[in-house]
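In what follows, a structure is listed as structure tokens, so that the remarks can point back to it.
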Amino acid sequence: MNQDITVPPPSNSVHKPKLRPTLNSYFNKPTLFKAFFFCFLPFLISLFLIAYHNQSGKNSEMVLLAGFCNGSDIANVDSSESKSVPFQETRTGHACSTMGEPCISCTTFNILAPIYKRLDQQNQSVRESDFRAFWLARNKKIVNWLLYERSSIICLQEFWVGNEELVHMYEESLGAAGYDTFKLARTNNRGDGLLTAIHKEYFKVLNRRELFFNDFGDRVAQLLHVQSVAPFSINQNESVQQEIIIVNTHLLFPHDSSLSIVRLHQVYQILQYLETYQRENKLSQMPVILCGDWNGSKRGHVYKFLRSQGFVSSYDIAHEYTDSDADAHKWVSHRNHRGNICGVDFIWLRNPHNSQKLLKISWAEAAFGIIKVSKFDWSFSWIKFPRDERSVGPSRC
């Protein structure tokens, strides 16, 4: 099978030491205040979700920042000119029109930024970024592999945007091969970010937006609205140049359970913005491709949330996997920085006709699910009795 569906990092790489932006680090208050906050946090979230859901006629304030792409080829497409052709996912990792060709392919790849790649387990301060020969050789191999695969869409995460030489190498090599490239740095000068490349033989970029979550981890996302160069057949007498929305992102790593709802909200913001973008530009519903490092498995809340929104994993389609626990462990994309094998890199697909729950309802259910699973363990673990200094274990408030 062609492996352009998802791509694991090189086998000789050790995944990055991710930071731990936990909620605990933001509260250096007395233990009684901590206990009060974490005890009532689920209750406060519940009230927020109920109130938020009841405001069905009111658009919530976006915490994302939208930026239009400058250029003569950027245009907002009128809905009268926009028709959606359902895609059929093939077993080769390509998406094709149900009525015929052309087919498109997509690659998502966390390429492990040199600033995160450890070279010495005994001295973890030594990083690949300190040795130009090392990171240059590895990234040249990655570029050559991408050029060999020649996917229609390339979505890279942990792209070292802070190094001009590396950025130039990717942009020059991919540009010479016929790609339009778009990069986006994480906020607060984290050093890495995203790069999305669209092959000009397959798609014309109509518009693009940059999404900033502005929460823990300084995560971002790219949204590209593209139109197929070759027409897709609707029937024997009609064809259209299909429009698609592509999203590239890298979610926060779940260092502890307190960050689960933050990760879920990042996905919610993406889906909410998709709805807003299509509504504001008077676009009909169109196919959506979500790519990236989701930092979560098939057993996680993010996976279940996306499934409730009509998305399917391209890997599940290719291998005829289900959402059952028996199939949950079969997808392995890499070995993480803890040494565990896991599957966290996904290409999600959604056709316009796919059934889905209302976004606010689905979000509320998923958030309540996190609260239920946690069983309110964010409570009194810091309180100590003055007499015997025994810690009070997790309790339900």
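Read in UniProt numbering, the sequence shown has 288 at position 288, and its numbers run on one by one without any break.
Glycine included, every Cβ here is placed at the ideal spot set by N, Cα and C.
| Check | Outcome |
| --- | --- |
| Unbroken stretches of the beta strand (DSSP E), 3 residues or longer, contained in the region 145–178 | 153–159 |
| Where the alpha helix (DSSP H) containing residue 316 begins and where it ends | 314–319 |
| Of the listed residues 318, 227, 213, nearest to residue 207 (C-alpha basis) | 227 |
| Pairwise C-alpha distance: residue 103 and residue 160 | 31 Å |
| Reduced DSSP category for residue 348 - H, G, I as helix; E, B as strand; rest coil | strand |
| Selection from 351, 359, 347 that minimises the alpha carbon distance to residue 154 | 347 |
| Candidates 235, 303, 289: closest to residue 265 by CA position | 303 |
| Residues of its chain near residue 131, where Cβ-Cβ distance is below 8 Å and the 5 sequence neighbours each way are ignored | 119 |
| Alpha carbon of residue 171 to alpha carbon of residue 189, nearest angstrom | 20 Å |
| Short Cβ contact (9 Å threshold) for residue 139 with residue 174 | no |
| Residues that DSSP places opposite residue 322 in a beta bridge | Paired residue(s): none; residue 322 is not in a bridge. |
| Residue 234 to residue 352 span [Cα, whole Å] | 14 Å |
| Beta-carbon contacts of residue 275 that lie in its chain and below 8 Å, excluding the five residues immediately before and after | 359 |
| Within 9 Å, strictly: CB atoms of residue 295 and residue 253 | yes |
| For residue 225, the first and last residue of its enclosing alpha helix (DSSP H) | Looking at the DSSP string, residue 225 is not in any alpha helix (DSSP H); the run it does join, the beta strand (DSSP E), is 220–228. |
| The beta strand (DSSP E) enclosing residue 233, as first and last residue numbers | 232–235 |
| Per-residue burial, residue 152 [other beta carbons within 10 Å of its own, 16 or more giving buried] | buried |
| Residues of its chain near residue 197, where Cβ-Cβ distance is below 6 Å and the 5 sequence neighbours each way are ignored | 154, 174, 179, 181 |
| Beta strand (DSSP E) segment containing residue 239, residue limits | 238–240 |
| C-alpha distance - residue 23 paired with residue 256, whole-angstrom precision | At residue 23, the pLDDT of 36 sits below 50, so the modelled position is not reliable; the number obtained from the coordinates is stated separately. Their Cα atoms are separated by approximately 9 Å. |
| Assigned secondary structure, residue 201 (DSSP; H/G/I helix, E/B strand, else coil) | coil |
| Beta-ladder partner(s) of residue 118, from DSSP | 127 |
| Unbroken stretches of the alpha helix (DSSP H), 4 residues or longer, contained in the region 274–311 | 301–308 |
| Nearest candidate by alpha-carbon position, reference residue 110, set 306, 251, 244, 129 | 251 |
| Inter-residue spacing [alpha-carbon to alpha-carbon] between residue 314 and residue 291 | 10 Å |
| Rounded C-alpha distance that separates residue 283 from residue 212 | 23 Å |
| Integer-rounded CB distance, given that residue 247 should sit under 8 Å from residue 222 | 7 Å |
| Residue 250: first and last residue of the uninterrupted beta strand (DSSP E) it sits in | 243–250 |
| Rounded straight-line distance, which links the Cα of residue 123 to that of residue 169 | 30 Å |
| Three-state secondary structure assigned by DSSP to residue 142 | helix |
| Neighbourhood of residue 216 by C-beta distance below 7 Å, restricted to the same chain and skipping five residues each side | 21, 252, 259, 262 |
| For residue 340, the three-state DSSP class (helix, strand or coil) | coil |
| Residue 185, DSSP secondary structure in three states | strand |
| Paired residues, beta bridge with residue 217 - DSSP | None, per the DSSP bridge assignment. |
| Identity of the residue in 350, 339, 316 nearest residue 244 by Cα | 350 |
| Cut-off 7 Å between Cβ atoms - residues of its own chain near residue 201, not counting five sequence neighbours on either side | 178, 229 |
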